[in-house]
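Trainee:
In the numbering used here, the protein residues as written are 21 to 100.
#1: Please state the DSSP three-state secondary structure of residue 110.
#2: According to DSSP, is residue 58 part of a helix, a strand, or is it coil?
#3: Identify which residue in 82, 55, 67, 50 has its Cα closest to the Cα of residue 32.
#4: Any idea if residue 51 is buried or exposed, counting beta-carbon neighbours within 10 angstroms, 16 or more meaning buried?
#5: Specify the secondary structure class of residue 87 as computed by DSSP and reduced to three states.
#6: Taking contact to mean 3 or more Cβ pairs, one atom from each stretch, closer than 8 Å, check whether the stretch 39–47 and the stretch 72–80 are in contact.
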C-alpha cells in the first residue's frame with residue numbers, strides 16, 4: 021500500500037472513530053439526569069449542553085484510541 025492510500029485510510033479510520041465516540045458519549049449522557057441541574061422548561065439549553073459535552077468527551081475518547089493505534093504501529097515498526 022502506497023503512502024497516499026495509507027494516509028487516506030488512516031484519515032477515514034480517524035473520522036469513523038470520532039463519530040463513533042461522539043455517538044457513544046451521547047448515548048451515555050442520555051442515561052444521566054442532567055436536566056436536574058437546570059431550571060424547568062430549559063430544554064434547549066439542556067440539549068445544547070449534551071451536544072457540547074458529547075463532542076468534547078467524544079473527541080477525547082477518540083483521540084485516546086487514535087493515539088493508541090498510532091503507538092501500536094510505531095511499536096510494530098520497532099520490532100521489524
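Each residue gets a CB set at the ideal place from its N, CA and C atoms; glycine is no exception.
Mentor: In brief:
#1: Outside the displayed range of the chain (21 to 100) lies residue 110, so it cannot be described from this structure.
#2: coil
#3: 82
#4: exposed
#5: helix
#6: yes
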